[in-house]
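At the far end of the sequence shown sits residue 84, using UniProt numbering, and the numbering has no gaps.
For each residue, glycine too, the CB sits at the ideal point set by N, CA and C.
Encoded as structure tokens, the structure appears first; notes follow it.
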Amino acid sequence: MTRWLELPEGIWANILHKLGAVEILDSAQKVCTTWRRVCKDPSMWPVIDMWNYGDPYIEPYDLEKMCSHAVDRSQGELWRGNFR
Numbered sequence: 001m002t003r004w005l006e007l008p009e010g011i012w013a014n015i016l017h018k019l020g021a022v023e024i025l026d027s028a029q030k031v032c033t034t035w036r037r038v039c040k041d042p043s044m045w046p047v048i049d050m051w052n053y054g055d056p057y058i059e060p061y062d063l064e065k066m067c068s069h070a071v072d073r074s075q076g077e078l079w080r081g082n083f084r
């Protein structure tokens with residue numbers, strides 16, 4: 001049996017980099033303590049992709065608040081943001 005949680009955090013970071021900021025902030029960081037630690041690392045946030053999902057009149061996410069969290073987590077490492 002593979003012991004997934006024994007993978008190095010760098011591998012988890014590579015996997016989680018495939019997600020957008022909304023997925024990380026809304027879901028991935030809630031999976032386990034390892035993922036939360038990886039998701040909070042400033043190296044995860046050099047690029048922040050925030051996009052509006054679904055119907056623009058029914059917004060399930062507080063994108064402004066999520067964007068603020070993502071920028072804070074970058075701790076000065078942010079070099080590009082996509083905000084739509």
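Could you name the residues that DSSP lists as bridge partners for residue i?
| i | result |
| --- | --- |
| M66 | M66 pairs with nothing; no bridge assigned. |
| G81 | I48 |
Of all the options the options, which has the alpha carbon lying nearest to the alpha carbon of residue i?
| i | options | result |
| --- | --- | --- |
| D41 | L63, N82 and H17 | H17 |
| S74 | Y61, D49 and D62 | D49 |
| S27 | Y61, R80 and E6 | Y61 |
| S43 | A70, E64 and K30 | A70 |
Thinking residue i and residue j are a contact (beta carbons under 8 Å), I'd like their distance in whole angstroms, please.
| i | j | result |
| --- | --- | --- |
| V47 | E9 | Not quite, the Cβ-Cβ distance comes to about 19 Å (not below 8 Å), so this is no contact. |
| W45 | L78 | 6 Å |
| A21 | M66 | 7 Å |
Among the residues of its own chain, which have a CB less than 6 Å from the CB of residue i, if the five just before and after it don't count?
| i | result |
| --- | --- |
| residue 85 | Outside the displayed range of the chain (1 to 84) lies residue 85, so it cannot be described from this structure. |
| P81 | Correcting the residue type first, residue 81 is Gly in the shown sequence and not Pro. Hits under 6 Å: I48. |
| E6 | none |
Note down, in chain order, each residue of its chain lying with its Cβ closer than 8 Å to the Cβ of residue i, except the 5 sequence neighbours on either side.
| i | result |
| --- | --- |
| G76 | P42 |
| Q29 | W35, R36, C39 and K40 |
Near residue i, which residues of its chain fall below 7 Å by C-beta distance, leaving aside the five closest residues on each side in sequence?
| i | result |
| --- | --- |
| L19 | A28 |
Complete runs of the alpha helix (DSSP H) confined to the UniProt domain "F-box" (1 to 48) [at least 4 residues]: 9 to 16, 21 to 26 and 33 to 40
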